[in-house]
Amino acid sequence: MDLPVNSFKRALVAGRQQIGFWNSMTSPTATEILAGSGFDWLIIDGEHAPNDVPGVLSQIHAMMENTTHPIVRIPVNDPIVFKRFLDIGTQTFLVPMVETVEQAQAAVAATRFPPHGIRGFAGAARASRYGRVANYHSRAHEELCILVQIETQQALDNIEAIAAVEGIDGLFVGPGDLSSDLGYLGDQGNPYIVELIERTLHRIVATGKPAGILTGDEALARRYMAAGSTFTAVGIDTGTLARSTEAIAKKFKA
1 MDLPVNSFKR
11 ALVAGRQQIG
21 FWNSMTSPTA
31 TEILAGSGFD
41 WLIIDGEHAP
51 NDVPGVLSQI
61 HAMMENTTHP
71 IVRIPVNDPI
81 VFKRFLDIGT
91 QTFLVPMVET
101 VEQAQAAVAA
111 TRFPPHGIRG
121 FAGAARASRY
131 GRVANYHSRA
141 HEELCILVQI
151 ETQQALDNIE
161 AIAAVEGIDG
171 LFVGPGDLSS
181 DLGYLGDQGN
191 PYIVELIERT
201 LHRIVATGKP
211 AGILTGDEAL
221 ARRYMAAGST
231 FTAVGIDTGT
241 LARSTEAIAK
251 KFKA
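Once you know that position 93 of the sequence shown is 93 in full-length UniProt numbering, the rest is easy, because the numbers rise by one and skip nothing.
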């Protein structure tokens with residue numbers, strides 16, 4: 001059995017726009033529905049949603065009949081957390097709050113076996129298809145994709161250095177935390193923030209690494225894609241469900 005191919009990573013390298021969606025309801029059924037909707041990728045959120053390792057595995061299982069690629073956002077940049085999600089077969093990670101070169105290097109090291117990193121050895125985990133993938137431990141890094149979130153002024157100051165870290169495959173602008181850190185809490189659409197994000201996307205692209213972002217605002221999504229975002233999340237499951245059901249209730253109760 002061969003190492004599973006990371007189609008998302010290949011698409012980023014080729015510069016093809018990848019349209020994604022945020023998935024935080026922790027339900028395999030909801031994940032299966034979203035995975036069949038035609039998105040290129042889904043975030044399975046472990047930072048701001050109550051997802052644990054078994055729950056994420058169930059959602060990865062729910063996506064297997066579709067071509068939509070699962071990306072797991074881990075709760076924290078920690079080698080033990082990485083190890084557990086790696087062993088269930090996660091190939092693409094979104095790592096929150098990476099502000100320094102050292103933090104980026106730590107994320108990469110957590111996903112590599114010695115001597116190139118500190119990932120713990122497991123002989124028959126799901127990642128290796130229970131020991132059936134030949135040379136898994138020497139080749140696993142080839143199909144891993146590490147995306148780091150730029151969410152603070154400190155991260156902005158270090159973008160070029162973070163992007164230069166070997167093993168970092170893309171930089172994702174987190175507009176909520178970034179705007180909060182800069183004094184614009186809850187005001188992601190402020191013209192200053194929007195223009196800053198556009199400049200930030202240009203900076204990321206100039207490093208040669210792919211840039212990404214999340215926004216549920218269609219006009220902003222298209223602006224950010226024009227500015228260079230090539231893995232773009234265009235909505236969130238909970239928000240979409242809340243607004244659409246509110247509209248239905250209002251229509252019939254009016």
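All residues carry an ideal CB built from backbone N, CA and C; glycine is no exception. Quick caveat, the model's predicted, so the values are computed rather than measured.
In the three-state DSSP reduction, Arg203 falls in the helix class (H, G or I). With contacts defined as CB atoms closer than 8 Å, Leu86 and Ala134 fail to qualify as a contacting pair.
The C-alpha of Glu47 lies about 15 Å from the C-alpha of Val173.
One Cα belongs to Leu178, the other to Val108, and the distance between them is close to 23 Å. Cα atoms of Ile193 and Val5: separation of roughly 37 Å, rounded to the nearest angstrom.
Across the structure, Gly189 and Met225 are spaced so that their CA atoms are roughly 16 Å apart. Distance check between Leu182 and each of Ala164, Gly208, Arg203 and Gln154 places Gln154 closest, using alpha-carbon atoms only. Cβ neighbours of Lys251 within its own chain (closer than 7 Å, five residues either side excluded): none. The region 97 to 116 makes no contact with the region 59 to 68: fewer than 3 CB pairs, one atom from each, lie closer than 8 Å.
At the C-beta level, Val165 and Ala242 stay beyond 8 Å of one another. Residue environment for Phe39: buried (at least 16 other C-beta atoms within 10 angstroms of its C-beta). In the assembly as shown, Thr200 is a buried residue. Its beta-carbon has 16 or more other beta-carbons within 10 Å. The region 78 to 166 contains, as complete beta strand (DSSP E) runs of 3+ residues, the segments 92 to 95 and 145 to 150 (chain order). Setting aside the 5 residues that flank it on each side, Thr26 is surrounded in the same chain by Ala49, Pro50, Asn51 and Gly55, each with a C-beta closer than 7 Å to its C-beta; the list follows chain order. As the crow flies, the alpha-carbon of Ala249 is around 14 Å from that of Thr240. Closest in C-alpha terms to Pro28, from the list Asp45, Gln18 and Gly20, comes Asp45. With 16 or more other Cβ atoms from the protein chains shown falling within 10 Å of its own Cβ, Arg73 counts as buried.
Nearest C-alpha to Thr230 among Gln91, Ser244, Phe113 and Leu214: Leu214.
Across the set His61, Asp78, His137 and Val148, the C-alpha of His137 shows the shortest separation from the C-alpha of Pro115. For the 8 Å CB-CB criterion, Gln91 and Thr232 do not form a contact. Boundaries of the beta strand (DSSP E) harbouring Asp45: Trp41 to Asp45, taken from the DSSP string. In the same chain as Asp2, and ignoring 5 residues on each side of it, the C-beta atoms closer than 8 Å to its own belong to Val133 and Ala134, in chain order. Residues of the same chain with a CB within less than 6 Å of the CB of Gly36, apart from the 5 flanking positions on each side, are Asn66 in chain order. For Val56, the enclosing alpha helix (DSSP H) has its first and last residue at Val53 to Ala62. In the DSSP annotation of this structure, the continuous segment of the alpha helix (DSSP H) that includes Ala247 starts and ends at Asp237 to Lys253. As the crow flies, the alpha-carbon of Thr207 is around 7 Å from that of Ala163.
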